[in-house]
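Notes follow the structure.
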Amino acid sequence: MGAIDDLTTELARLPGIGRKTALRLTYFLLKRTPEESRRLARAIETVVERVRECSRCGNLTESDPCGLCQDQRRDPRIICVVEDPADIGAIERTGEYRGQYHVLGGHLSPLDGVGPDELNIDALLRRLGGSGGGGQVDELIIATNPSVEGEATALYLQKLVRPQGVRVTRLARGLPVGGDLEYADGVTIAEALSGRREL
Amino acid sequence: MPLVTTEATVLQAFPYSETSKILRLLTPQNGVQSVLARGARRPKSRYGGILEPFTDGVASFYYREHRDLHNLSDFELGRSRQRLGRDLVRFGGASLLAEIILRTGSPQAAPEVFAHMRASLGALEDAPDGDVEPVALARAWSLIATLGFGPALDQCVGCGVDLEPGTALFFDYTAGGLHCGRCAAPAGAGRIIPGAARTDLLSFLAGEATALDRTAAHWQLLGRFLAYHLIDAESLRSLDFLAAALAPA
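Chains A and B, in that order, are what the protein sequence lines are.
Under the numbering used here, the residue at position 102 of the first sequence is numbered 102, and the numbers go up by one with no gaps.
Under the numbering used here, the residue at position 184 of the second sequence is numbered 184, and the numbers go up by one with no gaps.
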């Protein structure tokens with residue numbers, strides 16, 4: 001295999017990139033100056049070398065602990081548990097949350113071989129004060145995805161954490177803001193109905 | 001490329017690329033089929049949140065002969081199973097049933113297996129809180145019987161003689177049932193099961209959940225039996241999950 005094929009194959013492994021797009025990207029890179037292509041290669045190398053998981057929350061970071069864990073303005077009494085680091089970005093974009101985070105690294109899924117041992121749960125328990133941790137957390141917001149597996153994961157965490165006297169809450173689920181009831185799917189409407197609130 | 005429209009239950013759903021999902025569906029006439037639901041992970045997907053494990057509905061997909069993956073065209077919701085995720089034993093039990101079917105399933109018509117799975121998911125969802133565990137055991141054993149490899153409990157697997165009810169006998173995992181006193185093969189892989197446990201097992205195979213004081217031995221028996229009779233001897237991941245869910249806090 002030649003150099004062009006090698007690069008095309010590697011690019012085609014990226015999410016959302018098919019073989020044809022990968023080939024187009026390869027030719028695009030070949031048309032740029034060598035220095036520009038080297039800069040891209042260096043940036044990829046740097047991210048691979050420097051970025052790792054925060055030992056405290058599991059977020060992806062260059063410094064350990066990560067910037068979010070070190071930020072003194074964030075409320076350490078509230079921890080929001082998410083499945084993936086990308087979920088942190090989604091919550092941060094709302095500008096509504098000022099607590100800390102914890103990344104599980106997935107959700108419980110027996111069919112895929114993901115049990116509690118495969119998730120970043122021990123570190124969470126340590127943060128809650130289970131074994132030599134801070135013990136200053138008042139509330140755990142479980143923000144796992146609103147799927148069957150996400151629900152089971154939330155329930156598992158709730159059972160694990162409740163004996164420690166920490167308040168456990170779950171993100172609300174229902175109709176999207178600005179959406180149209182007519183076009184919402186049955187499961188979402190059913191969830192919105194069961195989670196209705198008093199006005 | 002004919003469009004197949006059939007009742008279906010989602011056994012497994014996993015992401016494919018950034019926007020799509022692959023579903024493993026159980027259907028009555030087409031057995032287990034894999035379909036690609038394009039765009040199912042987009043925020044404004046027409047499928048919304050319905051393509052989740054254990055959901056019942058009517059699926060339409062373009063069936064391509066000699067291909068393993070077909071394109072989903074539509075999925076009309078029958079019954080959502082979100083409630084299964086709100087109890088770890090219900091969730092583990094449903095996952096176990098799905099895993100057994102996925103390990104044994106084929107694209108052949110299997111209307112009895114389909115009917116059993118639908119009824120089982122309903123039973124697990126609707127079981128009162130204290131009864132979930134025996135229901136999970138009963139539905140797993142009766143699924144095994146429906147799939148055609150249930151253990152022989154009435155006649156000796158060695159000599160075929162009728163077995164007396166209520167007596168403790170040797171359950172041979174490899175031979176797939178009980179040995180009479182004369183044929184007992186203690187060197188074989190298995191265990192002695194008391195008469196009462198045999199009666200419970202008979203009820204489970206018929207899909208009837210009987211109340212149990214202790215369930216650990218039943219789970220162990222099920223796990224060992226499945227390990228011998230499924231395609232690979234690897235432990236079922238759902239059984240490991242159930243063991244963790246049932247362990248005392």
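Each residue gets a CB set at the ideal place from its N, CA and C atoms; glycine is no exception.
| query | result |
| --- | --- |
| Three CB pairs or more closer than 8 Å across the region 173-184 of chain A and the region 94-109 of chain A | no |
| Whether residue 201 of chain B touches residue 242 of chain B by CB criterion (8 Å) | no |
| 9 Å Cβ cut-off: residues of chain C touching residue 52 of chain B | Included in the structure are the protein chains A and B, with no chain C among them. |
| Beta-carbon spacing of residue 87 of chain B, residue 132 of chain B below 8 Å | yes |
| Interface residues of chain B facing residue 15 of chain A [CB-CB closer than 7 Å] | 17 and 18 |
| Chain B within 8 Å of residue 97 of chain A, Cβ atoms only | no |
| The region 43-75 of chain A: positions lying closer than 9 Å to chain B by Cβ | none |
| For residue 100 of chain A, the residue or residues it bridges with in DSSP | A:79 |
| Opposing strand residues paired with residue 69 of chain B [DSSP bridges] | B:34 |
| Residues of its chain near residue 29 of chain B, where Cβ-Cβ distance is below 8 Å and the 5 sequence neighbours each way are ignored | 6, 109 and 111 |
| Beta-carbon proximity list for residue 151 of chain A, same chain, < 8 Å, skipping 5 on both sides | 144 |
| Terminal residues of the alpha helix (DSSP H) in which residue 241 of chain B lies | 237-246 |
| Run of the alpha helix (DSSP H) containing residue 116 of chain B, from where it starts to where it stops | 111-126 |
| Of the residues B:134, B:125, B:18 and B:197, the one placed nearest residue 43 of chain B, counting alpha carbons only | B:18 |
| Extent of the continuous alpha helix (DSSP H) to which residue 21 of chain B belongs | Where residue 21 of chain B is concerned, there is no enclosing alpha helix (DSSP H), although the beta strand (DSSP E) it sits in stretches over 20-27. |
| Separation of residue 121 of chain B from residue 86 of chain A, as counted between CA atoms | 33 Å |
| Supposed contact pair residue 3 of chain B and residue 62 of chain B - C-beta distance, whole angstroms, cut 8 Å | 6 Å |
| Interface residues of chain B facing residue 155 of chain A [CB-CB closer than 9 Å] | 85, 86, 87, 88 and 91 |
| Where residue 113 of chain A meets chain B, residues with beta-carbon distance less than 7 Å | 237 |
| Beta-carbon separation (whole angstroms), residue 161 of chain A vs residue 140 of chain A, contact threshold 8 Å | 6 Å |
| Host beta strand (DSSP E) of residue 6 of chain B (start-end) | 3-16 |
| Exposure of residue 136 of chain A, with buried meaning 16 or more beta-carbon neighbours within 10 Å | exposed |
| Three-state secondary structure (DSSP) of residue 140 of chain A | strand |
| 8 Å Cβ cutoff, residue 190 of chain A in contact with chain B | yes |
| Chain-ordered chain B contacts of residue 116 of chain A [CB-CB under 7 Å] | 244 |
| Three-state secondary structure assigned by DSSP to residue 131 of chain A | Legend: pLDDT at residue 131 of chain A = 45, less than 50; position of this residue unreliable, value from coordinates given subsequently. Note: residue 131 of chain A maps to coil in three-state DSSP. |
| Cβ-Cβ distance between residue 69 of chain B and residue 36 of chain B below 8 Å | yes |
| Counted within 10 angstroms of its Cβ, other Cβ atoms place residue 122 of chain A as buried (16 or more) or exposed | exposed |
| Proximity test, Cβ basis, 8 Å: residue 139 of chain B and chain A | no |
| Same chain, Cβ closer than 7 Å to residue 106 of chain B, neighbours up to 5 away in sequence not counted | 31 and 32 |
| Distance between residue 127 of chain A and residue 133 of chain A (C-alpha atoms, nearest Å) | Because residue 133 of chain A sits at a pLDDT of 48, beneath the cut-off of 50, its placement in the model cannot be relied upon, and the following sentence gives the value as read from the coordinates. Approximately 5 Å between the Cα atoms of the pair. |
| Alpha-carbon to alpha-carbon, residue 71 of chain A and residue 38 of chain A | 34 Å |
| Inter-residue CB distance, residue 26 of chain A and residue 14 of chain A (contact presumed, cutoff 8 Å) | Their Cβ separation, rounded to whole angstroms, is 12 Å, which puts residue 26 of chain A and residue 14 of chain A out of contact at 8 Å. |
| Residue 148 of chain A, buried or exposed, once every other Cβ within 10 Å from all chains shown has been counted against 16 | buried |
| Element boundaries [beta strand (DSSP E), containing residue 61 of chain B] | 56-62 |
| Residue 115 of chain B versus residue 146 of chain B: straight-line alpha-carbon distance, rounded | 10 Å |
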